[in-house]
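In the UniProt record's numbering, the protein residues as written are 1 to 308. By construction, the Cβ of each residue, glycine as well, lies at the ideal position given by its N, Cα and C atoms. So the structure is just underneath, and the comments pick up after that.
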């Protein structure tokens, strides 16, 4: 069966709560390998397996047989018209009405095989229904016209409308169509298995990517932590050097100011002395000056300089 035809209805607690008002719960999770055999046993033991099968061939939105069934990426099936109407007011992301899985865009695939199963099931239902009589001749319906796909009586078989058509007994037609259904069911099982494998592979790939992303995040955090530690050490070193430089500048400034003060005092004394000599008489001045050495002179000191 197709994923939505046999697959249990599951909800995803991480998906947004979107209520369509139509949810059918199934006790079977067809993602588990042993579930399929359990379902077959349940179907065989059911009081009315035909009704159970028909319920799985109906759209969960309109509750009627699938009409142009389409399959979503999650594996659930819906009538094309039903899912299109359900998504009409959605902008951007959409979700499955069954499992509520969110999809980035409105996309689905036409499921022709499921449509064929629904069509064949309706034919089998018609063929296996209790014996009815022909509305025209009031005779039992014994034959199936393959061209017109209808049940006819023996009188209809001889009529002009069905004269050159291929007729087979109802029992034979019933077996043929049931065999067709079984073949298509097997094909749908394979399709479902592919979807489950694809889903599993996608989840595995997603987890691997998330794992790589987490590793990259941790690597980035560690690298920037090292960078911050390096910058902090560099900052402390630079500040220590600046502090030492400030101390050296203050020390040299004090020494320079002390020397300048001493020089100013010395020059002041020399100026006073020279001015006193200028007040002496010529005889006194010349006698004293000739006996002394050359007067002191001021030597300009270089500017204080410190390399930063």
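Check: Three-way DSSP call (helix, strand, coil) for residue 188 in this model; Outcome: helix
Check: Residue 59 beta carbon less than 9 Å from that of residue 79; Outcome: yes
Check: Selected residue, minimal CA-CA separation from residue 64, among 87, 122 and 71; Outcome: 122
Check: N- and C-terminal bounds of the beta strand (DSSP E) containing residue 168; Outcome: 167–169
Check: Integer Cβ distance of residue 83 from residue 108, believed to fall under 8 Å; Outcome: 6 Å
Check: Own chain residues within Cβ distance below 6 Å of residue 110, not counting five before or after; Outcome: 70
Check: Selection from 133, 171, 173 and 74 that minimises the alpha carbon distance to residue 154; Outcome: 133
Check: Helix, strand or coil at residue 107 according to DSSP, with G and I counted as helix; Outcome: coil
Check: Rounded separation between residue 115 and residue 188 - CA only; Outcome: 11 Å
Check: Buried versus exposed, by CB contacts within 10 Å (16 or more), residue 177; Outcome: buried
Check: Among 150, 156, 148 and 124, nearest to residue 138 - alpha-carbon criterion; Outcome: 156
Check: Simplified DSSP state of residue 152, which is helix, strand or coil; Outcome: strand
Check: Rounded straight-line distance, which links the Cα of residue 206 to that of residue 200; Outcome: 10 Å
Check: Range of the contiguous alpha helix (DSSP H) that encloses residue 81; Outcome: 80–86
Check: Three-state class that DSSP yields for residue 99 in the structure shown; Outcome: coil
Check: Reduced DSSP category for residue 58 - H, G, I as helix; E, B as strand; rest coil; Outcome: strand
Check: Straight-line Cα distance separating residue 214 from residue 105; Outcome: 27 Å
Check: Run of the beta strand (DSSP E) containing residue 145, from where it starts to where it stops; Outcome: 143–145
Check: Residue 172 versus 143, 194 and 152, residue with shortest Cα-Cα distance; Outcome: 143
Check: 9 Å Cβ cutoff met for residue 57 and residue 118; Outcome: yes
Check: Local Cβ density within 10 Å of residue 91, reported as buried at 16 or more and exposed below that; Outcome: exposed
Check: Neighbour-count burial assignment, residue 19, 16 or more Cβ in a 10 Å radius; Outcome: Confidence in residue 19 is poor, its pLDDT being 32 and thus under 50, which makes the residue's placement unreliable; the coordinate value appears in the next sentence. Residue 19 is exposed by the Cβ-count criterion.
Check: Cβ shell of residue 191 (< 6 Å), same chain only, five flanking positions each side left out; Outcome: none
Check: Straight-line gap, residue 330 to residue 186 (C-alpha atoms, nearest Å); Outcome: For residue 330 there is no data in the structure shown, the boundaries of the chain being 1 and 308.
Check: Cα-Cα separation, residue 61 to residue 67; Outcome: 12 Å
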